[in-house]
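No gaps in the numbering here: position 127 of the sequence shown is 127 in full-length UniProt numbering, and each next residue is one more. As structure tokens, the structure follows; a few thoughts come after it.
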Amino acid sequence: MARYTGPKIRLSRKFGTAFTKKAEKYLAKRNYRPGQHGQNPQRVSEFGMQLREKQKAKIIYGLMERQFRKYYESASKKVGVTGDVLMQLLEMRLDNVVFRLGFAQTRPQARQLVSHGFFQVNGQKVNIPSYQVKVGDVVSVRETKQKSQYMKNAAPALSQAQPPEWVSLDANAWSGKILSKPSREQLDATVNTQLIVEYYSR
């Protein structure tokens, strides 16, 4: 599956959101758009606001347009508030769950670990980052990967990890469990899902 590999700091300045830890330092010094006219006020139309919010969500979860649209179409067919359902689908991706549990420092890193076969779901190896986990599923590091250099280096940080309330982490067992779907209050507050719904509802 294709993914964005361009400069993240430039995108962070464009959207005013730090997509990486490194970008947080840059935004603290240059909290304005990149480019020659970055500090000038910018008029943004209603459509422009909707488009930017959709683009921002795509960048956060590392998705391209075709895949993101499929998530929206799936969410629109389910019972509930479409925006909240959309975010739940994105949060329940295996790579995002690995990130939320603390096994990886970033989503791109989590995606790479999943692709390289580091994890299993309910005892079965899964190397598909977009795999949708379900409530009650147990995500764990495969025994053969627990002794890898990456996991040895990650162990101290993992023991201090504070995952969200909808998942539980057992650092000693290298595993985590999905307790529930994330509620509206537990979803990423930086994403205005209403604007995304309006964009696709045009």
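Glycine included, C-beta positions come from ideal geometry on N, C-alpha and C. Note that this is a predicted model, so its numbers are computed, not measured.
Distance, residue j Cα to residue i Cα
i: K78; j: Q194; result: 16 angstroms
i: S175; j: S74; result: 29 angstroms
i: Y131; j: L51; result: 26 angstroms
i: E143; j: V121; result: 13 angstroms
i: R100; j: T190; result: 16 angstroms
i: R184; j: A173; result: 29 angstroms
i: A104; j: R66; result: 26 angstroms
i: Q149; j: I59; result: 29 angstroms
i: T82; j: S159; result: 35 angstroms
i: E198; j: N96; result: 25 angstroms
i: D84; j: A57; result: 13 angstroms
i: S76; j: V141; result: 33 angstroms
i: S168; j: Y61; result: 21 angstroms
i: G80; j: A171; result: 34 angstroms
i: V114; j: A161; result: 19 angstroms
i: V44; j: M64; result: 23 angstroms
i: Q112; j: E46; result: 36 angstroms
i: H37; j: G123; result: At H37, the pLDDT of 48 sits below 50, so the modelled position is not reliable and the matter cannot be decided from this model.
CA nearest to the CA of residue i, picked from the options
i: Q186; options: T106, S130, P164; result: P164
i: P182; options: H116, R43, W166; result: W166
i: G102; options: S180, A154, Y72; result: A154
i: H116; options: F47, G123, I128, Q124; result: I128
i: R202; options: G48, G123, R107; result: G48
i: N192; options: K54, S45, R69; result: K54
i: L89; options: S45, R43, G123, F68; result: F68
i: Q109; options: S180, G123, M151; result: M151
i: A157; options: R43, V44, T106, S45; result: T106
Nearest-angstrom beta carbon gap, residue j and residue i [assumed within contact, 8 angstroms]
i: V135; j: L94; result: Contact flag wrong, Cβ pair sits at about 14 angstroms.
i: I178; j: V133; result: 5 angstroms
i: V139; j: V98; result: 7 angstroms
Contact under 8 angstroms by Cβ, residue i with residue j
i: M92; j: D188; result: no
i: F118; j: K147; result: no
i: Y71; j: Y200; result: no
Chain C within 8 angstroms of residue i, Cβ atoms only
i: Q67; result: The structure shown has no chain C; it contains just one protein chain.
> Enumerated in chain order, which unbroken segments of the alpha helix (DSSP H) with a length of 4 residues or greater are wholly contained in the UniProt domain "RNA-binding S4" (92-149)?
Replying inline: As far as the UniProt domain "RNA-binding S4" (92-149) is concerned, its whole alpha helix (DSSP H) runs of at least 4 residues are 94-101, 107-115.
> What are the complete beta strand (DSSP E) segments, minimum 3 residues, inside the segment 42-66?
Replying inline: If we require 3 residues or more, the segment 42-66 turns out to have no beta strand (DSSP E) run fully inside it.
>> List, from N- to C-terminal side, the beta strand (DSSP E) runs of 3 residues or more that fit wholly inside the segment 149-186.
In response: If only uninterrupted beta strand (DSSP E) runs of at least 3 residues are considered, those enclosed by the segment 149-186 are 167-170, 175-178.
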